[in-house]
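Following: one structure in structure tokens, then a few remarks.
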Amino acid sequence: MASILLKNCSEVVYSKNGREKIGSEMAVVDVLIDSDVLIIDGKFKQIGKNLDAPEGVTVMDCSGKSVIPGFVDGHTHPVFDGDRSNEFSMKLAGAGYMEIHKQGGGIHYTVNETRKCSEERLTNLLFNRLDQMLLQGTVVAEAKSGYGLDCETEMKMLRVIKKAKETHPMKIQSTYLCAHAVPPGADAAQMTKEIVEEHIPAVAKANLGVDNIDVFCEKGVYDAQQSKEMLLAGRAHGWAINFHAEELTYIKGAEMGAELDARAMSHLELVSDAAIQSMAAKKTAAVVLPTTAYILKLVPPPVRQMIQNNVVVALCSDYNPNVPCFSMPFVMHLGCILCKMTMEEAFNAATINSAFSLGLTDSYGSITEGKVGSCLVLDAPSWKHIVYQLGNHQNVVKHVILDGRIHS
Ligand SMILES: [Zn+2]
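Using UniProt numbering, you'd call the opening residue of the sequence shown number 1 and step up by one each time.
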């Protein structure tokens, strides 16, 4: 476990209580001016002015630089093979997600390529993508399966994610996306039964380190009742409910999720007023993915209304073959422009609130005494530069510190 003293930082984004933020709290980013951050044995020990370095502790001069918590990306699909760059031109010509899907493109292409891919190659692909995320300041990432659709490939994907959990320097959470699409030739009711009775028990038995259970609750994929059956079957194994809801069609998926006390729901472009109230009451996090709204030209989710109603709003990348974005800074920028968030709201959504969406606020999401000492040193005098900057974020992220160690 490493120790370091970050000295003379022009700004430190600090949180005294280290808790998730709702409503007007989201409008505030607490900043300490001209301060130091001391990390001992991988944990934040002290934040304040004129701190002395204990013997043997590395000192980094951070004059003119700001120190912020590392980003938490709570929604990614980074385990896949196959190149889908050609679909960008189809989308530009006007094809929608479901149209590409029906033509055997989209997810089915990725599924075929991922099924064929060796476990070794899949591991290399995942590790390279995680390395890219790290360079742009993501220190925690959730990673989903979901491009197998059959039990064998889903388990291969989950083994690859488990390997990353055990050996990649980032903190990784594993999500079993048991129902991402209905395989060609199958029907949703039959697949739901098979997933509940065969796939989920097999995955649980194999001890693959799963943290969350996910489904794509969508018209033409799995309806709210089928989704509910699979989510409950997953939760029976101790996995947190964290799923895709109300992206393309309103089918009362978010109402169902709130009823189940889901930890988090993603997308929510078409969430209802009633579901927003229920999510606030149940403290179910809303994981907003502005990259998807941007690429698919969807009307973005009603983020202002969610914030006004005290929903815990998180921002994440949705990295997948359809959304080639590793960058949480770009996601925050889109959150401001497309979802009309303030810079402060976007920053809190990409750090402490996305940590909340993964149940990790005790250890990640803010610079708070006692939490894991993972943070970013920005080559800029204020945290605002990382939201303001459009592209070239590696130039702003000067250093990534993981568990008190200088990673890059
Ligand atoms: Zn997704």
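Just so it is clear, CB atoms sit at the ideal spot from N, CA and C, and this is done for glycine as well.
A check of alpha carbon separations from Met328 across Glu25, Asn17, Gln132 and Leu51 identifies Gln132 as the nearest. Pairing Cys217 with Gly257 gives a Cβ-Cβ distance under 9 Å.
Asp73 and Ser85 have their C-alpha atoms roughly 23 Å apart.
In this structure the segment 110-118 lies against the segment 64-84, because at least three pairs of beta carbons, one per stretch, are closer than 8 Å. In this structure, Ala202 is the residue among Ala202, Ile39 and Gly105 with its C-alpha nearest to the C-alpha of Cys151. The DSSP-derived three-state label of Ser278 is helix.
One Cα belongs to Gly238, the other to Glu55, and the distance between them is close to 44 Å.
Relative to the non-hydrogen atoms of ligand 1, the Cβ of Asn320 comes within a distance shorter than 8 Å of at least one. Of the residues assessed, Lys297 falls on the exposed side of the cut-off, its CB having fewer than 16 other CB atoms within 10 angstroms.
The beta carbon of Ala281 lies closer than 8 Å to those of Ala258 in the same chain, with the five residues before and after it left out. For Cys339, the uninterrupted alpha helix (DSSP H) run begins and ends at Met328 to Cys339, by DSSP.
In the three-state reduction of the DSSP assignment, Arg159 falls in the helix class, which pools H, G and I. Going by C-alpha positions, Val303 is about 42 Å away from Thr58. For Glu87, the closest alpha carbon among the candidates Ala262, Ile367 and Ile100 is that of Ile100.
Put simply, the backbone Cα of Glu119 is about 10 Å away from that of Met155. Following the DSSP letters along the chain, one finds Phe71 inside the beta strand (DSSP E) bounded by residues Phe71 to Asp73. Between the C-alpha atoms of Cys62 and Pro69 there is a straight-line separation of about 15 Å.
Nearest Cα to Val29 within the set Val12, Val372 and Asp273: Val12.
Per DSSP, reduced to three states, the secondary structure at Thr368 is coil, with no helix or strand assignment. CA-CA distance, Asp41 to Val372, rounds to 9 Å.
The beta strand (DSSP E) runs of length 3 or more contained entirely in the segment 100-172 are, from start to end of the chain, 138-144. Residue pairing of Met60 in beta bridges, as defined by DSSP: Leu6. A distance below 8 Å between beta-carbons, with the five flanking residues on each side excluded, links Ile251 to the following residues of its chain, in chain order: Cys217, Glu218, Lys219, Asp223 and Ala224.
Here Ala264 is near Leu358, since their CB atoms are less than 9 Å apart.
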